[in-house]
């Protein structure tokens, strides 16, 4: 008769999340806005630098990134989404947008 034994190098106990891993954030947490904004800012600061040509998704409007708000007190919150990218559109209007609303275009 053949017997098998399963050997595993991983423990079966659950371990707490490692430092640097993203944890799930919930709007009821006291530091939800701060963590959400910092995470989004770090991900998109290189994607939308000052002077980057962008297009507004779902429309034909185009413009240039004027600045990114780096102070959390300047950020505009709609629901649980931070709007912190200020763009000047080709028609002269100013739009403060969320990264999901913009698409990167060639210079």
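Residue numbers (the working numbering): 16 to 122.
Virtual Cβ for every residue (Gly too), placed ideally from N, Cα, C.
Check                                                                                               : Outcome
Given 8 Å, three or more beta-carbon pairs between the region 38 to 53 and the region 73 to 83      : no
Identity of the residue in 90, 72 and 86 nearest residue 118 by Cα                                  : 72
Exposure of residue 91, with buried meaning 16 or more beta-carbon neighbours within 10 Å           : exposed
Cβ-based neighbour list, residue 84, same chain, cut-off 6 Å, excluding 5 preceding and 5 following : 90 and 99
Inter-residue Cα distance where the pair is residue 38 and residue 88                               : 23 Å
Residue 66 versus residue 96: straight-line alpha-carbon distance, rounded                          : 23 Å
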